[in-house]
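The opening position of the sequence shown corresponds to residue 13 in our numbering, with each subsequent residue numbered one higher. What follows is one structure encoded as structure tokens, with my remarks underneath.
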Amino acid sequence: MKTDVDIFKFIVKIGKYWGPFPIEGNFSAKICYFAIASVFSVLAVISSVYVFTRATFDENLGVTDIVIAFCNLTILLTHHVYCSYYGKCFNITSWNYLFQNLATLDEFSMERNIISHLVKVICMLAIFLCPGCVIVLKNEIEDYQNWLYMLSGGFQVLTVLQLFYLIVFWCETCNILSSRYKRINDIVRQIYSEDIFVQQKRMEEIKNVIVSVHKTVKYVNEAAGFFILALLIMAFFDSLFCLNIFLLVQGDVPFFEIYWFLLDAISFIVLSIIVIMSCDQVEKKSTEFIQTCIYIQATTGDEQAATLANLANQLRPKFSAAGFFDINQRLLPVFFSNLSTYLIIILQFKISSL
Numbered sequence: 013m014k015t016d017v018d019i020f021k022f023i024v025k026i027g028k029y030w031g032p033f034p035i036e037g038n039f040s041a042k043i044c045y046f047a048i049a050s051v052f053s054v055l056a057v058i059s060s061v062y063v064f065t066r067a068t069f070d071e072n073l074g075v076t077d078i079v080i081a082f083c084n085l086t087i088l089l090t091h092h093v094y095c096s097y098y099g100k101c102f103n104i105t106s107w108n109y110l111f112q113n114l115a116t117l118d119e120f121s122m123e124r125n126i127i128s129h130l131v132k133v134i135c136m137l138a139i140f141l142c143p144g145c146v147i148v149l150k151n152e153i154e155d156y157q158n159w160l161y162m163l164s165g166g167f168q169v170l171t172v173l174q175l176f177y178l179i180v181f182w183c184e185t186c187n188i189l190s191s192r193y194k195r196i197n198d199i200v201r202q203i204y205s206e207d208i209f210v211q212q213k214r215m216e217e218i219k220n221v222i223v224s225v226h227k228t229v230k231y232v233n234e235a236a237g238f239f240i241l242a243l244l245i246m247a248f249f250d251s252l253f254c255l256n257i258f259l260l261v262q263g264d265v266p267f268f269e270i271y272w273f274l275l276d277a278i279s280f281i282v283l284s285i286i287v288i289m290s291c292d293q294v295e296k297k298s299t300e301f302i303q304t305c306i307y308i309q310a311t312t313g314d315e316q317a318a319t320l321a322n323l324a325n326q327l328r329p330k331f332s333a334a335g336f337f338d339i340n341q342r343l344l345p346v347f348f349s350n351l352s353t354y355l356i357i358i359l360q361f362k363i364s365s366l
């Protein structure tokens with residue numbers, strides 16, 4: 013058994029090189045990393061643009077498909093640059109503050125079954141990576157003699173793995189924060205059976221947890237909000253691309269290709285829903301804590317409970333996708349309603365062309 017903080021620290025240690033976290037080590041190690049990463053990024057951009065232009069001219073894609081594919085490629089490249097360079101060079105302060113605030117929550121660590129946690133992560137990885145790998149490998153087998161195709165495929169897989177890593181990091185952060193709110197919710201129910209000295213001590217601990225959770229959410233929004241925005245946009249564009257293939261050009265495309273594009277779009281949507289529900293879980297736990305404090309104040313007349321409720325309400329954790337919109341359960345109807353609107357437009361276009 014490992015604590016959730018131990019698991020989080022292990023995830024962060026991996027992210028020093030694979031994710032967007034600042035690199036630890038001497039100056040030479042940092043120079044080597046950025047030199048190798050820069051060469052790979054330049055080659056990856058060249059190969060990706062080459063493959064995109066070849067696909068545009070050779071496969072006779074429609075204007076809508078070209079626009080959607082171009083937007084998806086742009087987001088993928090932007091995510092790679094943001095993850096490999098911006099986070100390590102310009103977001104250092106936000107990451108450091110995030111880790112410091114999470115360290116203050118160590119006292120309330122909860123044990124986790126490391127085996128079950130690894131199984132969940134592996135299942136998520138299989139769902140997320142398998143369809144994309146099949147699509148990439150199929151294209152590379154057809155064009156195996158062209159090294160640009162192979163490099164472009166490898167870049168796509170590695171970038172998707174970077175995005176998956178950040179999803180695991182985000183979900184693990186949300187699990188820690190929601191468990192802390194659950195913990196202080198249990199504490200506030202029990203402290204009124206203890207003496208006044210213990211009550212005062214517990215109250216200060218609860219306030220510190222509320223403030224630390226609020227600051228952690230603030231810094232994780234600053235440092236990693238863009239990654240979640242990229243995930244949600246890619247899920248949306250993948251879904252649009254899949255709808256275009258399925259409804260407009262189905263007769264010209266083998267079902268096997270449509271099948272894997274469909275699974276790829278579904279995998280992005282599933283991972284997006286997991287992230288959204290993880291964020292929503294933190295908000296719900298904070299709401300439960302506020303309701304508990306209000307109930308205690310109403311039944312006992314204790315003003316400290318009212319103070320805790322007001323503090324928790326003012327510092328209610330709210331996750332944001334780079335400041336564009338809040339990430340919670342209310343985002344799901346908006347996401348699917350936009351997809352439905354686009355589906356209706358495609359169906360009208362197809363019916364009118366018959």
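Each residue gets a CB set at the ideal place from its N, CA and C atoms; glycine is no exception. In this text the structure is predicted, and so the values were computed from the model without any measurement.
Item: Shorter than 9 Å from the beta carbon of F239 to some beta carbon of chain D?; Value: Protein chain content of the structure displayed is limited to a single chain, and chain D is not contained in it.
Item: Pull up the CB-CB distance for Y354 and L274, whole angstroms please, since I reckon it's below 8 Å.; Value: Actually they are not in contact, since the Cβ atoms of Y354 and L274 sit about 16 Å apart, beyond 8 Å.
Item: Expressed to the nearest angstrom, what Euclidean distance is found between the alpha-carbon atoms of A277 and N103?; Value: 30 Å
Item: In the DSSP assignment, find the unbroken alpha helix (DSSP H) run with A333 in it and report its ends.; Value: Neither: A333 is in no alpha helix (DSSP H) and is coded neither H nor E.
Item: Report yes or no: do three or more beta-carbon pairs, one from the stretch 215–228 and one from the stretch 237–256, lie closer than 8 Å?; Value: no
Item: If I'm right that S298 touches A324 with Cβ under 8 Å, what's the distance once you round it to whole angstroms?; Value: 6 Å
Item: Please state the DSSP three-state secondary structure of D314.; Value: coil
Item: For S164, collect the residues of the same chain with a Cβ closer than 6 Å to its Cβ; drop the 5 residues on either side in sequence, then sort them by chain order.; Value: S59, S60, V63
Item: Distance, Cα to Cα, F301 vs Q211?; Value: 17 Å
Item: Quick one: give me the first and last residue of the alpha helix (DSSP H) that F111 is part of.; Value: 104–115
Item: Drop a sphere of 10 angstroms on the beta-carbon of Y98, count the other beta-carbons inside from all chains shown, and report buried for 16 or more, exposed for fewer.; Value: exposed
Item: Tell me, to the nearest whole angstrom, how far the beta carbon of L283 is from that of L243; I am working on the premise that it is less than 8 Å.; Value: 7 Å
Item: Mind checking P329: buried by the 16 CB within 10 Å criterion, or exposed?; Value: buried
Item: If L110 sits next to T171, beta carbons under 8 Å apart, how far is it from one beta carbon to the other, in whole angstroms?; Value: Their Cβ separation, rounded to whole angstroms, is 23 Å, which puts L110 and T171 out of contact at 8 Å.
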